[in-house]
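Peer 1: My questions will all concern the structure given below.
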Amino acid sequence: MATTPACSALLDTLPRLVRTKRSVLGHTRTAPVYALSAVATLGPCRVSEVAEALGLDLSTVSRQISHLRAEGLVEATPDAADGRSHRLTASPAGVAVLRAERRRMVDQLNERLADWDDSELAELIALVERLTDDLMTPQTATPAPAARTA
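Once you know that position 113 of the sequence shown is 113 in UniProt numbering, the rest is easy, because the numbers rise by one and skip nothing.
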């Protein structure tokens, strides 16, 4: 069972990991790349589906998609089921950007983790996946501690 000190240490480590990821793998266009990646992963999708997948506000994602469309990285076609909306797909240029970005990030990780062997990485991946799954699993409500009376 996880202990309070261990959970406290994990709570301190997670933000550091995120900051480190940004500094090592960071890209000046991180948000648009995430939106582009979501469009490519979801396939023909609506902006609202991208926003939901990213856990972001619809207006924020709409602006990102508008910029990606202007750059020719995302294509929009009218939705056959609802003529008022569009279905988004990554354009060939968008797919090329994602491939190049992925290559760049993998190269950075290869360089930074040169002293790690594949079994260590496999163990880390399994633990991070387990952590993510456990953190994403809804918990039943626990009763609040009883109020102290004097």
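Yeah, the Cβ is synthetic: ideal placement off N, Cα and C, and Gly gets one too.
May I have the straight-line CA-CA distance separating Glu-129 from Pro-44, to the nearest angstrom?
Peer 2: Walking along the sequence shown from the start, residue 129 turns up at place 129. Walking along the sequence shown from the start, residue 44 turns up at place 44. The straight-line gap from Cα to Cα measures roughly 27 angstroms.
Peer 1: Please classify Gln-139 as buried or exposed, where buried requires at least 16 other C-beta atoms within 10 Å of its C-beta.
Peer 2: For the purposes of this step, residue 139 is taken as the residue at position 139 of the sequence shown. Gln-139 is exposed by the Cβ-count criterion.
Peer 1: Going by alpha carbons, who is nearest to Arg-99 out of Leu-88, Leu-73, Arg-63 and Glu-120?
Peer 2: Taking the sequence shown and counting its residues from 1, one reaches residue 99 at position 99. The shortest C-alpha separation from Arg-99 is found at Leu-73.
Peer 1: With DSSP run on the structure shown, which of helix, strand or coil describes Pro-78?
Peer 2: The count along the sequence shown starts at 1 and reaches residue 78 at position 78. Strand, per DSSP.
Peer 1: Is the segment 61-76 in contact with the segment 29-39, if contact means three or more CB pairs nearer than 8 angstroms?
Peer 2: With a cut-off of 8 angstroms, the segment 29-39 and the segment 61-76 count as touching, because enough Cβ pairs lie within range.
Peer 1: Would Leu-88 and Arg-46 qualify as a contact pair, given that the criterion is a beta-carbon distance under 9 angstroms?
Peer 2: The residue labelled residue 88 in the question sits at position 88 within the sequence shown. The residue labelled residue 46 in the question sits at position 46 within the sequence shown. Going by C-beta atoms, Leu-88 is nearer than 9 angstroms to Arg-46.
Peer 1: Which first and last residues belong to the beta strand (DSSP E) in which Leu-73 is found?
Peer 2: The residue labelled residue 73 in the question sits at position 73 within the sequence shown. Neither: Leu-73 is in no beta strand (DSSP E) and is coded neither H nor E.
Peer 1: Would you mind reading off the limits of the beta strand (DSSP E) that contains Ala-90?
Peer 2: Sequence index remark: in the sequence shown, residue 90 carries index 90 (1-based). It spans 86-90 - the beta strand (DSSP E) in which Ala-90 sits, taken as one unbroken run.
Peer 1: In the DSSP output, which residue or residues are listed as bridge partners for Cys-7?
Peer 2: Position 7 of the sequence shown, counted from the start, is the residue given in the question as residue 7. Looking at the DSSP assignment, Cys-7 forms no beta bridge with any residue, so it has no partner.
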